[in-house]
Amino acid sequence: MARTRVYRDGVLAAEGIPVAEVSDYLADPETTVWLDFCAPTEEDLAAISEELGLHPLAVEDAVHEHQRAKLDRYDSHAFLTAYSAALDTDGTLLVSELAAFITGQALVTVRKDENFPVDAVVARWDSAADLAKNGVGFLLHGLLDHIVDGHFEVVQSLDEQIEELEDLVFDERPRYADMQRRSFALRKSLVRIRRVVLPMREVVNTVMRRDMHLVDAELQPYFQDIYDHVLRASEWTESLRDLVTTIRETQLNIQGNRLNTIMKKVTSWAAIIAIPTAVTGFYGQNVPYPGFQTTAGFWTSTLVIVILSAALYVSFKKKDWL
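Counting in my numbering, the sequence shown runs from 1473 upward without gaps.
The following block contains the structure:
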């Protein structure tokens, strides 16, 4: 089932009309129509495709998944591919693909799955009803604004998670396995969001071009605001990607330094322990020596052990090995 809306003279005139009646509304040049399909086939789009003169290649791209985010121009319409992004409760990045046909009087959105929050887009249109008089540009603005704001929120959330990861790096008792798992998960999410965000710069920039005739003078500042958000999200994503790499390198350096410190301490204590072993081994020979089988020999060996061990301990302490 398709979801539909009809705007006439900047006012919501009808909602939920059958697709077969769309052509009747489009006969009025003051009317703007929105149609939404979820996971349709080419046969499902056949009727509206013929009515709006949609290019077969664009219809094919709208049906098939994993298209690159882009804006293509055809004789009778423009074709948009974009991705929404959100983080679920466990921090996993959820990406949903959307295709859209943009004509002079209609916006046809094609969702590849149920995950795209179309209700949030509709709510955004309702909250800016004063711009509805701008026709398809108004609908396109609400759609792109919601998508780009979603990108921005995801990047901001990833930034907060990276700050938490930074605090763990210098923890007195760091959990290296957990930190490594989180750093790789964040890097993976950043790579995915980067693939979604970066192409939007070209998409929004193309939409704003005068020869596309999609944005009028009144909507130009609104689309410029979207473009600014796209640039900020893109630059933020790049900086976070570098930051995750730096955190990982810092973690490895700190781990290596701590390992070196531990090795120094273990080696130093091993040297100290070797002194009693050597002295007692010497006095354990089965041959006569000064103090052999006497109390004086026992106290002499004990004194030698204590003095040499203490001397080594003080020496290692001064060198910061202990």
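For each residue, glycine too, the CB sits at the ideal point set by N, CA and C.
Remember, it's a predicted structure, so these values are computed and weren't measured experimentally.
Practice prompt. For Ile1574, collect the residues of the same chain with a Cβ closer than 7 angstroms to its Cβ; drop the 5 residues on either side in sequence, then sort them by chain order.
Written response: His1549, Ala1550, Leu1552, Val1608, Leu1612, Leu1686
Worksheet item: Going by DSSP, which residues form a beta bridge with Ser1556?
Response: In the DSSP output, where bridge partners are listed per residue, Ser1556 has Ser1568.
Worksheet item: Quick one: what's got a C-beta closer than 7 angstroms to Tyr1546's C-beta in the same chain, skipping five residues either side?
Response: His1527, Ala1530
Discussion item. Tell me which residue opens and which closes the beta strand (DSSP E) that Thr1504 is part of.
Written reply: 1503-1510
Worksheet item: Can you give the Cα-Cα distance for Gln1533 and Gln1539, rounded to whole angstroms?
Response: Looking at the sequence shown, residue 1533 is not Gln but Asp. The straight-line gap from Cα to Cα measures roughly 7 angstroms.
Worksheet item: Helix, strand or coil for Ser1695 per DSSP?
Response: In the sequence on display, residue 1695 carries Phe and not Ser. Correct three-state label for Phe1695: helix.
Fill in: Pro1501 burial status per 10 Å Cβ neighbour count (16 or more: buried)
exposed
Fill in: Thr1749 versus Leu1630 - alpha carbon distance
56 angstroms
Discussion item. For a quick check, are the C-beta atoms of Ser1706 and Arg1673 less than 8 angstroms apart?
Written reply: In terms of Cβ geometry, Ser1706 and Arg1673 form a close pair [threshold 8 angstroms].
Worksheet item: Would a C-beta distance cut-off of 8 angstroms place Thr1476 and Gly1488 closer than the cut-off?
Response: yes
Discussion item. Quick check on this structure: which residue in Ser1781, Glu1625, Gln1727 has the alpha carbon closest to the alpha carbon of Phe1642?
Written reply: Here the closest residue by C-alpha is Gln1727.
Discussion item. Can you tell me whether Ala1600 is helix, strand or coil according to DSSP?
Written reply: coil
Worksheet item: CA-CA distance, Ala1492 and Ala1519?
Response: 8 angstroms
Practice prompt. Going by CA-CA distance only, name the one from Arg1659, Asp1688, Ile1745, Gly1756 that's closest to Thr1717.
Written response: The shortest Cα separation from Thr1717 among Arg1659, Asp1688, Ile1745, Gly1756 belongs to Arg1659.
Practice prompt. Report whether the distance from the Cβ of Glu1625 to the nearest heavy atom of the ligand SAH is below 7 angstroms.
Written response: Absence of the ligand SAH is noted for the structure shown, with no ligands found whatsoever.
Practice prompt. With Val1687 as the anchor, note down where its beta strand (DSSP E) starts and where it stops.
Written response: Element bounds for Val1687: n/a, residue is neither H nor E.
Worksheet item: What do you get for Asp1697, buried or exposed, if any count of 16 or more other CB atoms within 10 angstroms of its CB means buried?
Response: Counting other Cβ atoms within 10 Å of its Cβ, Asp1697 stays below 16 and is therefore classed as exposed.
Worksheet item: According to DSSP, what are the bridge partners of Ala1705?
Response: Beta-bridge pairing links Ala1705 to no other residue.
Worksheet item: Which whole-angstrom value is the C-beta distance of Glu1636 and Ile1719, which I expect to be below 8 angstroms?
Response: The Cβ separation is near 11 angstroms, so there is no contact.
Discussion item. If the criterion is Cβ atoms closer than 8 angstroms, does the pair Pro1671 and Lys1791 meet it?
Written reply: Result no, Cβ atoms of Pro1671 and Lys1791 do not sit closer than 8 angstroms.
Worksheet entry | 8 angstroms contact criterion, which Asn1677 and Tyr1694 should meet: CB distance rounded | About 15 angstroms separates the two Cβ atoms, so there is no contact after all.
Worksheet entry | Beta-carbon gap between Leu1507 and Ala1601 smaller than 8 angstroms | no
Discussion item. I want to know whether the segment 1555-1573 touches the segment 1479-1488 - three or more CB-CB distances under 8 angstroms.
Written reply: no
Worksheet entry | Contacting residues, own chain, Cβ-Cβ under 7 angstroms from Leu1662 (five flanking each side not counted) | Sequence-distant Cβ neighbours of Leu1662 in its own chain, meaning closer than 7 angstroms and more than five residues away, are Leu1630, Thr1709, Leu1712, Arg1713, Val1716.
Item to complete: Could you please give me the residues that DSSP links to Ala1492 through a beta bridge?
Response: According to DSSP, which records beta bridges pairwise, Ala1492 is partnered with nothing at all.
Item to complete: Could you check the C-alpha separation between Tyr1648 and Phe1788 for me, to the nearest Å?
Response: 29 angstroms
Worksheet item: Tell me, which residues are paired with Val1582 by DSSP?
Response: Phe1509, Ala1571
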